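K.L.:
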Amino acid sequence: METKKKSFSARDISLIAVIAALYAVATVALPFASYGPFQLRFSEGFNHLVVFNKRYIIALTIGVFIANIWSPYGIVDMVVGTAGTLAMTTMSYFATRKVKSVVKRLAISTIIDALMMWVVAAELYFMAKTPFWATFAWTALGELAALIIGAIIFYLLSRRVDLEK
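Quick note on UniProt numbering: the sequence shown kicks off at 1 and runs consecutively.
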């Protein structure tokens with residue numbers, strides 16, 4: 001039996017590119033809030049898109065890689081931050097793909113993404129010699145704030161636009 005591998009359509013590729021670019025620009029536009037032990041990356045609200053469609057895992061991973069080119073932690077942040085995003089968005093996608101309620105999907109995504117800030121805290125612990133637990137607390141709180149704002153925006157948007165298409 002032959003199985004067909006689903007490829008991305010031109011629309012999918014366009015959406016991936018647009019979201020990656022929006023994430024990168026939103027991050028780089030506010031560098032004081034986007035890098036270091038006290039982060040409030042509003043662009044992290046885009047992470048919620050993965051609960052609607054798995055293509056956004058790729059979009060956000062690319063967006064983080066591009067945004068982290070400007071990180072003071074250089075190639076380490078490009079690799080570690082990107083890998084952390086790939087892991088957290090993949091976990092959010094798989095944890096929510098059978099959940100019907102949009103509110104529950106967004107809540108699950110929020111919890112997973114905030115808890116995954118341990119990756120950023122570990123990177124900063126090694127790169128900037130910041131205290132791990134305090135850094136984890138601050139980055140997780142910043143992530144939580146960005147995710148709550150993002151959840152509200154994407155919930156309201158999902159009532160008007162089919163984000164799963």
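Every residue, glycine too, gets a C-beta built ideally from N, C-alpha and C.
Note that the structure is predicted; figures quoted are calculated from it, not measured.
#1: Under 9 Å between the Cβ atoms of T61 and S43?
#2: Classify N47 as helix, strand or coil using the three-state DSSP reduction.
#3: Note the first and the last residue of the continuous alpha helix (DSSP H) segment covering R55.
#4: How many Å lie between Y35 and S101 at the Cα?
#5: Cβ atoms of V51 and residue 175: under 9 Å apart, would you say?
#6: Could you tell me if R105 is buried or exposed, where buried requires 16 or more neighbouring beta carbons within 10 angstroms of its beta carbon?
#7: Using DSSP with H/G/I as helix, E/B as strand and the rest coil, what is S101?
#8: According to DSSP, is D162 part of a helix, a strand, or is it coil?
P.N.:
In short:
#1: no
#2: Three-state DSSP puts N47 in a helix.
#3: R55 to A67
#4: 33 Å
#5: Beyond the ends of the chain as shown, which are 1 and 165, falls residue 175; an answer cannot be given.
#6: buried
#7: coil
#8: coil
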